[in-house]
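Inspection log for the structure reproduced underneath, given as structure tokens.
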Amino acid sequence: MAPACSPTNSLHVAVIGAGAAGLAAARELRRESHSVIIFERGTQVGGLWVYTPQTEPDPLSLDPNRTVVHSSVYDSLRTNLPRECMGYRDFPFVPRNDDASRDPRRYPSHREVLAYLQNFAREFNLEEMVRFETEVVCVEPEGQKWKIQSKSSDGIFKDEIFDSVVVCNGHYTEPRIAHVPGIDSWPGKQIHSHNYRVPDPFKDEVVVVIGNFASGSDISRDITGVAKEVHIASRSNPSETYQKLLGSNNLWLHSMIESARKDGSIIFQNGKVVQADTIVHCTGYKYHFPFLNTNGYITVEDNCVGPLYKHVFPPALAPTLSFIGLPWMTLQFFMFELQSKWVAAVLSGRVMLPSEDKMMEDVTAFYAKRDANKLPKRYTHKLGECQVDYLNWIADQVGAPPVEHWRAKEVHGGYLRLATQSDTFRDKWDDDHLILEAYEDFLRQKLI
Ligand code: FAD
């Protein structure tokens, strides 16, 4: 059992990762007077938003010994939610009119997000806490503390002891691949969206894209510009689905794939058959903590990381081990900020967690509800409609204001637009009144 924290405890804390989650965590931990070291295996802050044209040698990223490329960002990527609601609460993501190189659009490119995160790190002097090019290779309990083994880019291993570890390693790097019957004898090429950057390699090809949510929808439209035909297979569509998508003359939506054959054909559940050159798997990612050794206490089963109290604290190892950013939700940066405030305040003893038994009861009840709703384990961390309630619950723990009216509305409306007008949602909207409300809020709080 981890030590109890007395009020205003100041701990030595390791944060793993300097992406949007790790930066928020480090900021909140330091605000609460903890001493912090951020381990970052890359060369700069920003995590996923550090675009690289480089991809992994194995296009499906199946080889466990491959050289991992962290980012899954493709060249044409623009944010999938409006910038006002995407940013951290007290450092709004607003256009920087003082710099012509910046992207002022409401749904800006990935470069603008990276620039925003770099500004955030600079504004709060966060980089001074980062040890770049230092990969955490092992985290394990050592008495009441934690031992971290890290490896620097020159190959030197180092062991250090910390009071607490906050895991912020991201979860969009380890691909999940769809199972397609017959795929082993299908002769075409396959790639996961993690290794997709630009459409050029698909010139004149017939491409099947599996998955039609954010990345699937973006990537299929990106490819239609150069490919002969693009066919999207989506398991959320009824089996008879066969539809030519508006705004393009070579893009079709299908139900899921039934099988792949050795003659190169792909058969969809709607009965359609196409001779395809490439399959692009836009089928999501897996949680992956290759460095974590908790003697089997924390497991990842069918993409459920557990046991975790409110997706953050493993009851038997709380509060000194925590995870930031696991839930799938739209308000990512905002969630990182709130979860980080909670972790920092619990570690300093300012906010108490329930007993280990009570936390376990909560986890068990949560799993029971998931099972009663017939949701597969892999949706454990998908909060969907409950995201605002979840955020408000954490805000309440740390005495922070609830999610603002305009932010909750923007997220809801933005999601609907994404789902119903996936080709135009970034450039056409009808919620200018919410933008106005957001800016009034920023001005009132003197944030801009
Ligand atoms: P990351 O940004 O992945 O950062 C993790 C960091 O940990 C990395 O820097 C990595 O190098 C480091 N690291 C990992 N393992 C180790 C180790 N062992 N040792 C040391 N360092 C390590 N969210 C939005 O809010 N808006 C969007 O529009 C949006 N679009 C997205 C588009 C795509 C294609 C994807 C995949 C995700 C998108 N997201 C979006 C979600 C996005 O992942 C989050 O917003 C956020 O950037 C994740 O931050 P993170 O810090 O959790 O992880």
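Residue numbers for the sequence shown follow the working numbering, beginning at 34 and rising by one. Ideal placement from N, C-alpha and C gives every residue a C-beta, glycine not left out. Owing to the predicted nature of the structure, the values given are computational and were not obtained by experimental measurement.
Asked: Under 8 Å Cβ to Cβ from SER298, same chain only, skipping five residues before and after it: list those, please.; Found: VAL306, VAL307, GLN308, ALA309
Asked: Between VAL146 and ASP136, what straight-line distance do the alpha-carbon atoms span, to the nearest angstrom?; Found: 9 Å
Asked: If I'm right that ASN202 touches PHE124 with Cβ under 8 Å, what's the distance once you round it to whole angstroms?; Found: With a Cβ gap of about 22 Å, ASN202 and PHE124 do not count as contacting.
Asked: Quick one: is the Cβ of MET119 within less than 8 Å of any heavy atom of ligand 1?; Found: yes
Asked: Comparing the CB of GLU193 with every heavy atom of ligand 1, is any distance shorter than 8 Å?; Found: no
Asked: Can you tell me whether PRO323 sits near ligand 1, meaning its C-beta is under 8 Å from at least one heavy atom of the ligand?; Found: yes
Asked: Pull up the distance between the alpha-carbon of GLY221 and that of THR311, whole angstroms please.; Found: 6 Å
Asked: Can you give me the Cβ contacts of MET362 inside the same chain, cut-off strictly under 7 Å, excluding the 5 residues immediately before and after it?; Found: MET368, LEU416, GLN420
Asked: Taking one C-beta from the segment 378–390 and one from the segment 84–95 each time, how about it: are there three or more such pairs within less than 8 Å?; Found: no
Asked: For LEU279, which of PHE301, THR453, HIS438 has the nearest alpha-carbon?; Found: THR453
Asked: Taking the beta carbon of ASN282 as the centre, do at least 16 other beta carbons fall within 10 Å, making it buried, or is it exposed?; Found: exposed
Asked: How would you call ASN98, buried or exposed, if buried means at least 16 neighbouring beta carbons within 10 angstroms?; Found: exposed
Asked: If you scan the segment 242–289 from start to end, which runs of the beta strand (DSSP E) of 3 or more residues do you find wholly inside it?; Found: 262–266, 275–277, 284–287
Asked: Let me confirm a value: ILE189 is counted as buried when at least 16 other C-beta atoms fall within 10 Å, else exposed. Which label applies?; Found: exposed
Asked: Going by the beta-carbon positions, is the gap between VAL259 and LYS236 smaller than 9 Å?; Found: yes
Asked: Which whole runs of the beta strand (DSSP E) in the segment 342–409 are 3 residues long or more, in chain order?; Found: 354–356
Asked: Tell me whether the beta-carbon of LEU371 lies closer than 9 Å to the beta-carbon of ALA428.; Found: yes
Asked: Can you tell me the Cβ-Cβ gap for SER288 and THR274, rounded? I've got them flagged as a contact below 8 Å.; Found: 4 Å
Asked: Following a CB-centred definition, is GLY432 positioned closer than 8 Å to any heavy atom of ligand 1?; Found: no
Asked: Look at LEU62 and VAL48 and say whether their C-beta atoms are less than 9 Å apart.; Found: yes
Asked: Is ARG350 buried or exposed, if buried means 16 or more other CB atoms sit within 10 Å of its CB?; Found: Here the sequence assigns Leu to residue 350, which means Arg is not the residue at that position. That one is buried.
Asked: Which residues bound the alpha helix (DSSP H) around PHE153?; Found: 143–156
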